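Asks:
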Amino acid sequence: MTDADVSKPRRRMSPRQKRYWTSLGLAGLIGGLVGGWMVADQSGTPHSAATLFSGALTPGFAIGASAAWVIGLAISMVIYHRAIDDHEEHAWLWASTAGWYAFIFPAPAWWVLHRAGMAPPADAMILFVFSLVVNCIVYLWLKFR
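When we follow numbering that gives the first Met the number 0, the leftmost residue of the sequence shown carries the number 0, and every step to the right adds one.
#1: Once DSSP output is grouped into helix, strand and coil, what is the label at Ala-121?
#2: Could you tell me whether the Cβ atoms of Arg-81 and Arg-10 are closer together than 8 Å?
#3: DSSP three-state label for Gly-54, please.
#4: What number of angstroms, rounded off, separates the C-alpha of Ile-29 from the C-alpha of Ile-62?
#5: If I measure Cβ to Cβ from Leu-141 and keep anything under 8 Å in the same chain, skipping five residues before and after, which residues do I get?
#6: How is the alpha helix (DSSP H) around Ala-115 delimited, first residue to last?
#7: On the CB-based measure, 16 or more other CB atoms within 10 Å of its CB, does Ala-101 come out buried or exposed?
#8: Compute the beta-carbon to beta-carbon distance between Leu-72 and Pro-105, rounded to the nearest angstrom, for a pair I have assumed lies under 8 Å.
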């Protein structure tokens, strides 16, 4: 038997790594469950991106999904912030700031343009998704450059 045939034992995760992956896994699990629940809640209607993003929601789903989002995100973020190091915290803080700017610059401008009849009503979800995209780009750039 040669050294190449011997597999190295897998290194155990540190408590920090366990907290980190637990926070991300919990956030992903909540998102997946809410997404699946949303699809199931809209049974009887054809499933397309348009109906998922703009279709009517039942009050039970709206209350449950809102609670799952707020509580799940709060728990995930506490676990996440206990797990990250200085480098990742730095990336997270700058990404959060960039995401915030991506929301606060266009939102009032869009609202004023709408008030003047020059633009459609401001769409909070478009602004939210835009801020998340900016946040993600800045975070990944700072974390992996």
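Beta carbons are placed, not taken as given, at the ideal position from N, Cα and C, and that holds for glycine.
Source: prediction; values computed, not measured.
Replies: Reading it off the structure:
#1: By 1-based counting over the sequence shown, the position of residue 121 is 122. For Ala-121, the three-state secondary structure derived from DSSP is coil.
#2: Here residue 81 is taken as the residue at index 82 of the sequence shown, counted from 1. Here residue 10 is taken as the residue at index 11 of the sequence shown, counted from 1. Not closer than 8 Å, so no.
#3: Counting from 1 along the sequence shown, the entry for residue 54 is found at position 55. DSSP places Gly-54 in coil when its eight states are reduced to three.
#4: Your numbering for residue 29 matches position 30 in the sequence shown. Your numbering for residue 62 matches position 63 in the sequence shown. If I take the Cα positions, the gap works out to 14 Å.
#5: Residue mapping note: residue 141 aligns to position 142 of the sequence shown, counting from 1. His-89, Ala-90, Trp-93 and Ala-94, listed in sequence order.
#6: In the sequence shown, residue 115 corresponds to position 116, counting from 1. That residue, Ala-115, is in no alpha helix (DSSP H); it is neither H nor E in DSSP.
#7: Position 102 of the sequence shown holds residue 101. Answer is buried; the Cβ neighbour count reaches 16.
#8: The residue labelled residue 72 in the question sits at position 73 within the sequence shown. The residue labelled residue 105 in the question sits at position 106 within the sequence shown. No, Leu-72 and Pro-105 are not in contact; Cβ-Cβ is about 23 Å, not under 8 Å.
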